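To start, the structure itself, in structure tokens.
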Amino acid sequence: MTQTRTRLERGRSALGPALALVHTGRAPTRAVLTAELGVTRATAGAVAAELEALGLIQVDSRPLGAAGAQGRPSHRLSIAPRGPVALAAQVHADGFRAALVGLGGRTVATAPGCMTVPADPAHVIDAVVEAGARLLRETGRRCVGAGLAVPSAVAEPEGTALNPLHVAWPAGAPVRELFNRSLAAAGIRGDDGEPVPGFAGNDVNLAALAEHRHGAGGGAQHLLCVATGHRGVGGALVLDGRLHTGSAGLALEVGHLTVNPEGPPCHCGSRGCLDIEADPLAFLTAAGRDPGPEVSLLQQARDLLREEYATEPSVRAATSQLIDRLGLGLAGLVNILNPDRIILGGLHRELLEADPERLRAVVAERSLWGRSGGVPILPCTLDHNSLVGAAELAWQPVLDDPLAALGVG
Numbered sequence: 016m017t018q019t020r021t022r023l024e025r026g027r028s029a030l031g032p033a034l035a036l037v038h039t040g041r042a043p044t045r046a047v048l049t050a051e052l053g054v055t056r057a058t059a060g061a062v063a064a065e066l067e068a069l070g071l072i073q074v075d076s077r078p079l080g081a082a083g084a085q086g087r088p089s090h091r092l093s094i095a096p097r098g099p100v101a102l103a104a105q106v107h108a109d110g111f112r113a114a115l116v117g118l119g120g121r122t123v124a125t126a127p128g129c130m131t132v133p134a135d136p137a138h139v140i141d142a143v144v145e146a147g148a149r150l151l152r153e154t155g156r157r158c159v160g161a162g163l164a165v166p167s168a169v170a171e172p173e174g175t176a177l178n179p180l181h182v183a184w185p186a187g188a189p190v191r192e193l194f195n196r197s198l199a200a201a202g203i204r205g206d207d208g209e210p211v212p213g214f215a216g217n218d219v220n221l222a223a224l225a226e227h228r229h230g231a232g233g234g235a236q237h238l239l240c241v242a243t244g245h246r247g248v249g250g251a252l253v254l255d256g257r258l259h260t261g262s263a264g265l266a267l268e269v270g271h272l273t274v275n276p277e278g279p280p281c282h283c284g285s286r287g288c289l290d291i292e293a294d295p296l297a298f299l300t301a302a303g304r305d306p307g308p309e310v311s312l313l314q315q316a317r318d319l320l321r322e323e324y325a326t327e328p329s330v331r332a333a334t335s336q337l338i339d340r341l342g343l344g345l346a347g348l349v350n351i352l353n354p355d356r357i358i359l360g361g362l363h364r365e366l367l368e369a370d371p372e373r374l375r376a377v378v379a380e381r382s383l384w385g386r387s388g389g390v391p392i393l394p395c396t397l398d399h400n401s402l403v404g405a406a407e408l409a410w411q412p413v414l415d416d417p418l419a420a421l422g423v424g
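To convert, take the position in the sequence shown, counting from 1, and add 15; that gives the numbering used here.
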């Protein structure tokens with residue numbers, strides 16, 4: 016027993032890195048964990064056992080070897096099936112949604128989305144937190160923290176939403192403060208009895224973080240994500256596994272790249288910005304369709320693209336126009352950032368799937384690095400990736416130091 020504790024003490028600093036490896040699927044067995052951490056098999060075993068004791072992972076009691084494999088079989092590692100969760104919340108132009116997300120980016124429960132977003136940020140944040148609190152009561156799960164995704168740049172260190180243009184909130188709304196206040200009022204507490212910590216971030220930043228850890232961005236060192244959700248266009252850059260948010264959290268405001276100098280005026284004061292040239296409303300307008308109030312603009316644009324692209328010339332023309340505008344924006348970003356992978360979300364993912372060669376050709380033609388070999392352009396793969404990314408904010412302290420975050424030792 017003493018020897019085991021000594022090994023654990025030596026490996027205590029490896030708890031966070033070990034959990035991150037299991038969390039992202041990079042250590043499916045204890046043998047892989049040992050190799051990735053660069054520790055002895057005994058230390059890796061002690062680390063895995065401690066993470067299991069914390070209720071975070073599960074270690075198979077019987078090691079299994081692959082058929083025909085040589086050498087000692089290894090214990091499989093997986094996420095604890097009834098482990099703790101993070102409360103994830105998202106607010107966008109057409110509504111809000113809450114979910115519980117466990118380690119591994121696994122969504123445990125989701126509340127029905129609401130299609131009404133009040134102009135008072137405190138009111139909508141209270142509503143989405145209460146939806147999350149109901150999920151916690153219904154599932155009986157432990158909560159380690161909470162994350163909120165908003166359609167705005169979030170300034171640091173203040174945690175304010177600087178430009179929430181598409182939800183009619185006042186500029187500079189203190190979303191992180193409001194979120195933490197609401198979490199405390201809803202009685203969402205950790206194992207130590209204190210209110211769980213709340214974090215807030217831009218929705219596309221969080222989508223990129225989720226895709227890098229659990230989706231289409233896995234393994235990329237310089238990952239560029241561009242997406243259009245319900246309104247506007249956002250971008251994010253993940254460098255070596257961490258979001259690049261700039262000096263004050265405001266990096267990658269790609270929606271205000273000019274892609275059509277003669278285009279319509281943008282709310283930022285310029286003209287022809289990506290924000291209004293390549294979002295769902297732009298697609299519906301280019302196709303000659305008047306959006307209705309029944310479902311979100313994103314859903315209307317998706318339905319139109321899926322159902323009429325093959326048969327309706329106006330829809331194909333609108334698709335080509337948005338692809339060309341998007342391609343110009345991506346080419347400029349490639350020239351500046353030199354990413355090793357681009358992933359596209361929201362309606363942009365479906366534009367890529369409709370005519371992948373056209374988009375890749377525009378980017379290659381207009382960018383220096385694209386002409387020299389091409390940058391892979393892939394669709395995002397996660398459902399509700401901004402929600403998963405919001406949960407990643409809440410999980411990060413646990414990944415950094417599981418014992419401290421969970422109040423153990």
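Using N, Cα and C, we set each Cβ at its ideal position, and we do this for glycine too.
The model shown is predicted, which means the values in this text are computed figures rather than measured ones.
From which residue to which residue does the beta strand (DSSP E) around PRO394 run?
392 to 394
Classify PRO99 as helix, strand or coil using the three-state DSSP reduction.
coil
Helix, strand or coil: how does DSSP classify LEU272 here?
coil
Taking the alpha helix (DSSP H) that GLY31 falls in, what are its first and last residues?
30 to 38
Which runs of the alpha helix (DSSP H) spanning at least 4 residues fall entirely within the stretch 274 to 324, listed in chain order?
289 to 292, 295 to 301 and 312 to 323
DSSP three-state call for ALA81: helix, strand or coil?
Any reading at ALA81 needs caution, since the residue's pLDDT is 47, under 50, leaving its predicted position unreliable; the model's value is listed next. If DSSP states are grouped into helix, strand and coil, ALA81 belongs with coil.
What did DSSP end up calling VAL423 once you bin it into helix, strand or coil?
coil
In the DSSP output, which residue or residues are listed as bridge partners for GLN105?
ARG112 and ALA164
How about LEU258 and ASN220: are their beta carbons less than 7 Å apart?
yes
Residues in the same chain with beta-carbon distance under 6 Å from PRO210, minus the five sequence neighbours each way, listed in chain order, please.
LEU198, ALA199 and ARG204
Taking the alpha carbon of VAL377 as the reference point, which residue from GLY342, SER285 and GLY187 has its own alpha carbon closest?
GLY342
DSSP state of GLN236, grouped into three classes?
coil
Whose C-alpha, out of ASP290, ALA302, LEU115 and ASP206, is nearest the C-alpha of ASN178?
ASP290
Can we say the stretch 125 to 134 touches the stretch 165 to 178, given the rule of at least three CB pairs closer than 8 Å?
no
Of the residues VAL165, VAL116 and THR122, which one's Cα is nearest the Cα of ALA137?
VAL165
Taking the C-alpha atoms as reference points, what is the distance between ALA406 and ALA161?
6 Å
Is the CB-CB distance between VAL182 and VAL248 below 7 Å?
no
Report the rounded CA-to-CA distance for ALA168 versus GLY233, giving the unit in angstroms.
24 Å
What is the residue span of the alpha helix (DSSP H) that LEU366 lies within?
Membership of LEU366 in the alpha helix (DSSP H) is indicated by the continuous run 362 to 369.
Can you tell me whether VAL116 is buried or exposed, with buried defined as 16 or more other CB within 10 angstroms of its CB?
buried
So, LEU69 versus PRO417, is the Cβ gap smaller than 7 Å?
Taking 7 Å as the Cβ cut-off, LEU69 and PRO417 qualify as a contacting pair.
I'd like to check one pair, PHE111 with VAL144: are the Cβ atoms closer than 7 Å?
no
Excluding five sequence neighbours on each side, which residues of the same chain lie with their C-beta closer than 7 Å to the C-beta of ASP318?
Here the set comprises nothing.
Residues in its own chain within less than 6 Å of ALA113 by CB, not counting five upstream and five downstream?
ALA104, ALA126, VAL143, ALA146 and GLY147
Which first and last residues belong to the beta strand (DSSP E) in which GLY202 is found?
In this chain, GLY202 is not harboured by any beta strand (DSSP E), its DSSP state being neither H nor E.
Helix, strand or coil for ALA170? Go by DSSP, reduced to three states.
strand
Taking ARG321 as the reference, give the member of HIS245, ASP305, ARG340 and PHE298 with the closest Cα.
PHE298
Look at the alpha carbon of ALA84 and the alpha carbon of THR326, and state the distance between them as a whole number of angstroms.
Residue confidence for ALA84 is low, a pLDDT of 44 falling below 50, so the modelled location carries little weight; the figure read from the coordinates is stated next. Their backbone Cα atoms lie some 53 Å apart in a straight line.
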